[in-house]
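Residue numbers (my numbering), protein chains in the order written: chain A, 1 to 453; chain B, 1001 to 1453. Built from N, CA and C at the ideal position, the CB exists for glycine as well. Quantities reported herein were computed from a predicted structural model and do not represent experimental measurements.
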């Protein structure tokens, strides 16, 4: 019983100071989502396992947290299944915890399709759970912040999302680079070199150029079964250099024969031109090797990296053509992004990017030196709160030093001292905890003063 | 596959309109918590079952959602347990979902006690899960909003919490009655009538006076094993009438012999006097039959009822002397309240108490009539957002009627029409969707206009 309690590995408690920092991030993202006209939804933490299973690949199925059926859960289950845990689990568990926000969103859209006005601009900020092996920066419970527009093919949506990303990170003061690609360009390259079925292999290999060099990339392509002819045809693509516009032109010239490749380049051009016309604070680069979620995205692919840390991708997204097909509603296309709140939190902590007042709770603390003094202080405190000033009273009658120590530890910037003398004058002594200065004020004067701080 | 997907019974999806209403409630509670100097924490959705089991009684243990261990969960578990589901569950599940916010908070305090500055004023707003039978107003996933002050015996905390309750419901525009009691008064009554071990029975019976009358209450007390002498001694208590002050005086006279009873009355007096001096908008009534959480509370007991509906208790709380003893840290006393957000949501919906602008998302929607027009519109939209006006653009080039229909369905109050003619003049036609009025404006003029709305 007296053993010190703990929490499951990979999960976290958040202290008031941590919550203040996290709220700063979540509020910033939420404010920008709303500014851009996205509307919030929430879905339950628990989904039916039939909704979740098979949506994240075989590995994903294993990482789902499953919830044991209530009551007599072995009833009507064949005891022979004891030696087949996977099958047994599917019999004794009907529900699982949300693994991401995308599948529940797809389920939401299909379930409520008659109530939804399309195009549907939704955002969702909720935790997800994965039974992954915990390690630095990887948790079993973490937050995702997703914004999607579904039911619209227009590339205006991509332009809007890139602006939204720019606005969020500008507000958070995180310098970023946005990488852009288009799945159709990848398909075009594979088609052009005569290996359309090898698109994934080609992309994976190209992705390593900066690390291992062209020679090693070619060796890897050979290993992955590409013909010498295909590899030879790929070389001009690998040698493309220059700025985004010039790389697009070179790609365009090379992929001239591929319908899908040309379409991908046209889409990239339209998005990049649109964004540049509006002005973007972040770097925006074409990255032909960018392939995140390749099996899922069908057009634009977006990835955001923080420039001043090694933390890697902190936001990503793209366009998909068939979000809800798996739930029986085909033809719903959309585009979305997901902010990795916990990674952004790590970046903000590493670079210490929080505004100075993020941690501030109460602006003023009243002292307690006796029942009458406390009663007088409570009246003044009530007036301050009515004026919108967050404040508290040290609840116990205690020595001045103890009360001051608390205010100090809580980083409360002002202490309102109400002793016998102040009480008799109907005033308070407002002490600035930074400068040590102290002023005898009426509560109305103190309110004016604190509001200006 | 084409079967329409659903969610587990007792859980809910929240649409944008529902989220807007819920956020209004949560933000109000959160703002008042912060105004009163409470600081937010969060704990994981999953706790070790060893933390949760045995804390909510036998019935509570059954209502915990248990999470199946990952991987080969039957490994090293005795297959003989198949016929003992309770024992088996404890072997194949190590974690469970949070059942309330109190036990995780107690666990948090003990685990982090060296980092916590006492008195600790924390608030916490998170969902909890219970495998209860779902019914109207009872869900398997619902939110609790708790505020507690721990590490302080002062009744100033009670006064503050009552003020906080008053402020929250005043802001939400819900008329309430606050019922107040003190466990020590209940103990005093039981002591005075010579049946200290029957405190719970006495309280349960007294609670029914209004419904069944004194005669039936007495019959029930007999059934519960109270002696005729005890019942006779109890009669003066049952006959107490009048306002709170006069009832307190009558109680005081009757319980004169009981130390604990006198203490309870003194505490009630101090709290009631303190609150009344500060002024309370809500009704505040002594209710000697109020006994919620009797096994848990040791002093003040608080319950809040909405006056204009039948929904019953929407907030409750009280003082406890030993929150963390079960985790090996005795002597930590505190007082707290819990707002039942989902019940408050039901009250707000029933009485339709939301401000008119609760549902508002975008303030303006720009039209799309062609690529050039959209590009011009995007520039104007960007300026509006930079001025803090939430807005969106209909992403697809579509007929006017379709775009207007969307704006209407989304309750967007203004539509900015940018056709060829407006584009050439560098202006927009701002249409008021309520009056139908339309004005040709520059974007700066439109911003001024929209900011004044």
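DSSP assignment within the stretch 316 to 373 of chain A yields the following whole alpha helix (DSSP H) runs of 4 residues or more, N-terminal first: 341 to 351. Excluding five sequence positions before and after residue 1232(B), none of the CB atoms of its chain fall closer than 6 angstroms to its own CB. In this structure, residue 178(A) sits near residue 165(A), with a CB-CB distance shorter than 9 angstroms. Taking CB atoms only, residue 180(A) has no neighbour in chain B less than 9 angstroms away. Residue 1338(B) is positioned such that its CB atom lies no closer than 9 angstroms to that of residue 1203(B).
Here DSSP, grouped into helix, strand and coil, assigns residue 1039(B) to strand. Per DSSP, the continuous beta strand (DSSP E) segment holding residue 142(A) begins and ends at 141 to 150.
In chain order, 1014, 1345 place their CB closer than 7 angstroms to the CB of residue 1022(B), counting only its own chain and leaving out the 5 sequence neighbours on each side.
The stretch 1378 to 1389 of chain B and the stretch 75 to 89 of chain A do not touch, with fewer than three beta-carbon pairs separated by less than 8 angstroms.
For the 9 angstroms CB-CB criterion, residue 397(A) and residue 368(A) form a contact. Contact annotation: residue 122(A) and residue 40(A) have beta-carbon atoms nearer than 9 angstroms. Residues of chain A with a Cβ closer than 7 angstroms to the Cβ of residue 1072(B) are, in chain order, 85.
Counting other Cβ atoms within 10 Å of its Cβ, residue 1312(B) stays below 16 and is therefore classed as exposed. With respect to residue 182(A), residue 268(A) sits close: the two C-beta atoms are nearer than 9 angstroms. Taking 8 angstroms as the upper bound for CB-CB distance, residue 1438(B) and residue 1430(B) are in contact here, some 7 angstroms apart.
In the DSSP assignment, residue 48(A) falls within the unbroken beta strand (DSSP E) covering 46 to 48.
At a cut-off of 9 angstroms between beta carbons, residue 15(A) contacts chain B. No residue range can be given for residue 135(A), since it is assigned to no alpha helix (DSSP H) and is classified by DSSP as neither H nor E. Chain order gives the chain B residues near residue 110(A) as 1004, 1005, where near means a beta carbon separation below 9 angstroms. Residue environment for residue 119(A): buried (at least 16 other C-beta atoms within 10 angstroms of its C-beta). Note that the C-beta distance between residue 1038(B) and residue 1341(B) is not below 9 angstroms. Under the 8 angstroms Cβ criterion, the stretch 1052 to 1063 of chain B counts as touching the stretch 1096 to 1111 of chain B, having at least three qualifying pairs. Taking C-beta atoms under 8 angstroms as the contact rule, residue 1020(B) and residue 1359(B) qualify, at a distance of about 5 angstroms.
Going by beta carbons, residue 1279(B) and residue 1302(B) fall outside the 9 angstroms limit. Residue 1414(B): member of the beta strand (DSSP E) spanning 1414 to 1417, first to last residue. Segment contact: the stretch 407 to 426 of chain A against the stretch 1123 to 1138 of chain B, fewer than three CB-CB distances shorter than 8 angstroms; contact not assigned. By the Cβ criterion, the stretch 255 to 263 of chain A is in contact with the stretch 181 to 195 of chain A, since at least three pairs of Cβ atoms, one from each stretch, lie closer than 8 angstroms.
Contact check for residue 1205(B) against residue 1175(B) fails: the beta carbons are separated by 9 angstroms or more. Closer than 9 angstroms to the CB of residue 160(A) there is at least one CB belonging to chain B. Comparing alpha-carbon positions, the option among 1308(B), 1140(B), 1124(B) lying closest to residue 1146(B) turns out to be 1124(B). Here the C-alpha atom of residue 247(A) lies approximately 15 angstroms from the C-alpha atom of residue 234(A).
DSSP places residue 225(A) in no alpha helix (DSSP H); its state is neither H nor E. The Cβ atoms of residue 383(A) and residue 432(A) lie no closer than 9 angstroms to each other. Nearest in C-alpha terms to residue 1451(B), of all of 1413(B), 1244(B), 1152(B), 1421(B), is 1413(B). Residues 1205 of the same chain have their beta carbon placed closer than 6 angstroms to that of residue 1220(B), with the five preceding and five following residues left out of the count. Scanning the stretch 1208 to 1285 of chain B from its first residue to its last, the whole alpha helix (DSSP H) runs of 4-plus residues come out as 1209 to 1223, 1228 to 1238, 1244 to 1254, 1259 to 1278.
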